[in-house]
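Worksheet for the structure shown next.
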Amino acid sequence: MPIDPPADAPTAIADPLLSWFDVHGRHDLPWQHPRTPYRVWVAEIMLQQTQVTTVIDYFNAFMARFPDVYALAEAASDEVMGYWAGLGYYARARNLHAAARELVATHDGVFPRDVETLMTLPGIGRSTAGAVVAQAFGVWAPILDGNAKRVIARLAAVTATPGTAAYEQPLWALAARYTSTHRVTDYTQAIMDLGATLCTRRAPACSACPLEDRCQARRKRITADIPARRKKKARPQRAVTVLVIEDEVGHLLLEKRPPSGIWGGLWSLPEIAADADIEAACRERFGLDVVPDVPMTPIEHGFTHFLLTIHAWRVRSLAATRIMDGHAEWFARDALPGVPAPIARLVDTPQHDLNL
DNA sequence: AAGCCGGGGGT
DNA sequence: ACCCCAGGCTT
Numbered sequence: 049m050p051i052d053p054p055a056d057a058p059t060a061i062a063d064p065l066l067s068w069f070d071v072h073g074r075h076d077l078p079w080q081h082p083r084t085p086y087r088v089w090v091a092e093i094m095l096q097q098t099q100v101t102t103v104i105d106y107f108n109a110f111m112a113r114f115p116d117v118y119a120l121a122e123a124a125s126d127e128v129m130g131y132w133a134g135l136g137y138y139a140r141a142r143n144l145h146a147a148a149r150e151l152v153a154t155h156d157g158v159f160p161r162d163v164e165t166l167m168t169l170p171g172i173g174r175s176t177a178g179a180v181v182a183q184a185f186g187v188w189a190p191i192l193d194g195n196a197k198r199v200i201a202r203l204a205a206v207t208a209t210p211g212t213a214a215y216e217q218p219l220w221a222l223a224a225r226y227t228s229t230h231r232v233t234d235y236t237q238a239i240m241d242l243g244a245t246l247c248t249r250r251a252p253a254c255s256a257c258p259l260e261d262r263c264q265a266r267r268k269r270i271t272a273d274i275p276a277r278r279k280k281k282a283r284p285q286r287a288v289t290v291l292v293i294e295d296e297v298g299h300l301l302l303e304k305r306p307p308s309g310i311w312g313g314l315w316s317l318p319e320i321a322a323d324a325d326i327e328a329a330c331r332e333r334f335g336l337d338v339v340p341d342v343p344m345t346p347i348e349h350g351f352t353h354f355l356l357t358i359h360a361w362r363v364r365s366l367a368a369t370r371i372m373d374g375h376a377e378w379f380a381r382d383a384l385p386g387v388p389a390p391i392a393r394l395v396d397t398p399q400h401d402l403n404l
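Here the working numbering is used: the first residue of the first sequence is 49, the next is one more, and so on.
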């Protein structure tokens with residue numbers, strides 16, 4: 049696969065990019081003021097596969113509750129997960145919490161200043177480690193997030209398919225080559241900003257781009273073809289049944305999901321196989337005698353790799369509060385822990401939306 | 001090397 | 001309806 053990097057690359061890329069950044073870059077993101085290692089780290093984890101506009105409110109709420117690495121390390125897992133509910137990729141929250149405890153336990157709460165050590169912490173890969181040291185410490189390190197990938201792939205006309213080694217490997221080499229040896233904090237922010245605001249996936253604003261005359265994709269008129277399209281795969285359809293079980297005082301039975309898999313570590317409505325018998329399942333899992341009440345309108349939810357139809361049944365619990373395993377608890381409706389977004393919608397469904 | 005993990009937003 | 005997004009982990 050041909051790679052065609054611009055000639056005299058390092059400063060020929062960094063200098064015009066930095067000049068553009070001074071005028072058009074994003075200088076008011078919450079994690080930039082103050083720009084502490086802890087805040088940069090949390091922001092970078094939240095921003096993995098998640099857009100800036102989505103992250104901002106979560107970031108501010110998270111910082112208000114967990115203002116430093118010690119507050120995070122000391123917090124209970126459920127509370128951390130609760131602050132993550134709705135953001136997705138919940139392994140990020142579990143890893144963030146584990147890393148905070150590791151930082152306190154083995155690094156005395158002080159962030160390592162080098163990429164290799166940071167990468168030993170759970171949830172921090174090469175790109176996130178690079179972003180943290182560059183943004184928090186001004187230490188030279190390449191980053192390669194989705195924005196930088198697209199910018200560099202177009203600059204050097206890398207036409208390989210994303211996700212393959214033919215794409216990722218040259219991009220890392222080029223990312224290191226272009227990364228400025230001065231103002232590295234601004235450079236890493238600049239290349240992300242360029243990708244996010246000008247060099248967008250569709251309809252890039254090439255005429256406003258400070259690198260237009262260096263861009264090999266532009267020169268070859270193949271900008272729209274980079275990055276190459278991934279081959280689409282069919283998403284299988286699955287179905288589950290969840291139970292809205294209320295006791296006599298209106299409390300809701302929730303179950304903590306296993307740490308890995310869909311919605312890992314989050315509290316959710318008890319889930320049973322789509323074809324399972326509701327009464328038998330409740331007797332076996334919770335020791336509860338129940339009466340299935342009414343089915344609710346099914347919810348369709350799309351995941352990256354499959355489509356899920358969620359059938360929900362409202363269930364009355366006859367006997368009181370037996371729970372046979374340690375993964376289920378009763379919660380008052382006004383004191384629910386964080387639950388996945390589709391489940392939150394189900395739980396909030398008013399009575400008149402029942403599918404009678 | 002490829003699959004898994006999610007919710008939100010843009011077009 | 002489809003695509004992508006401040007990726008990392010697992011197999």
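Ideal placement from N, C-alpha and C gives every residue a C-beta, glycine not left out.
Buried versus exposed, by CB contacts within 10 Å (16 or more), residue i
i: residue 197; result: buried
i: residue 332; result: exposed
i: residue 145; result: buried
i: residue 351; result: exposed
i: residue 278; result: exposed
i: residue 386; result: buried
i: residue 59; result: exposed
i: residue 202; result: buried
i: residue 348; result: exposed
i: residue 232; result: buried
i: residue 313; result: buried
i: residue 296; result: exposed
Nearest neighbour of residue i, chosen from the options [CA to CA]
i: residue 320; options: 309, 312 and 303; result: 303
i: residue 406; options: 154, 152 and 184; result: No information on residue 406 is available, as it lies outside the stretch 49 to 404 that the chain covers here.
i: residue 175; options: 191, 258 and 355; result: 191
i: residue 316; options: 264, 390 and 97; result: 390
i: residue 68; options: 309, 296 and 255; result: 255
i: residue 62; options: 143, 97, 200 and 248; result: 200
i: residue 74; options: 367, 276, 246 and 345; result: 246
i: residue 118; options: 102, 158 and 97; result: 158
i: residue 343; options: 329, 292 and 297; result: 292
For residue i, three-class secondary structure by DSSP
i: residue 390; result: helix
i: residue 155; result: helix
i: residue 311; result: coil
i: residue 94; result: helix
i: residue 180; result: helix
i: residue 341; result: strand
i: residue 103; result: helix
i: residue 69; result: helix
i: residue 400; result: Its pLDDT being 42, under 50, residue 400 is placed unreliably in this model, and the coordinates cannot settle the point.
i: residue 109; result: helix
i: residue 61; result: helix
Whole-Å CB distance - residue i paired with residue j, under 8 Å assumed
i: residue 301; j: residue 318; result: 6 Å
i: residue 129; j: residue 138; result: 7 Å
i: residue 107; j: residue 94; result: 6 Å
i: residue 207; j: residue 273; result: 7 Å
i: residue 104; j: residue 78; result: 6 Å
i: residue 205; j: residue 265; result: 5 Å
i: residue 306; j: residue 142; result: The pair is not a contact, with the Cβ atoms about 11 Å apart (cut-off 8 Å).
i: residue 355; j: residue 285; result: 5 Å
Which ranges would you report for the alpha helix (DSSP H) in the region 271–296 if only whole runs of at least 4 residues count? none
Starting from the N-terminal side, write out each stretch of the alpha helix (DSSP H) that is 4 residues or longer and does not extend beyond the region 160–221. 163–166, 174–180 and 194–203
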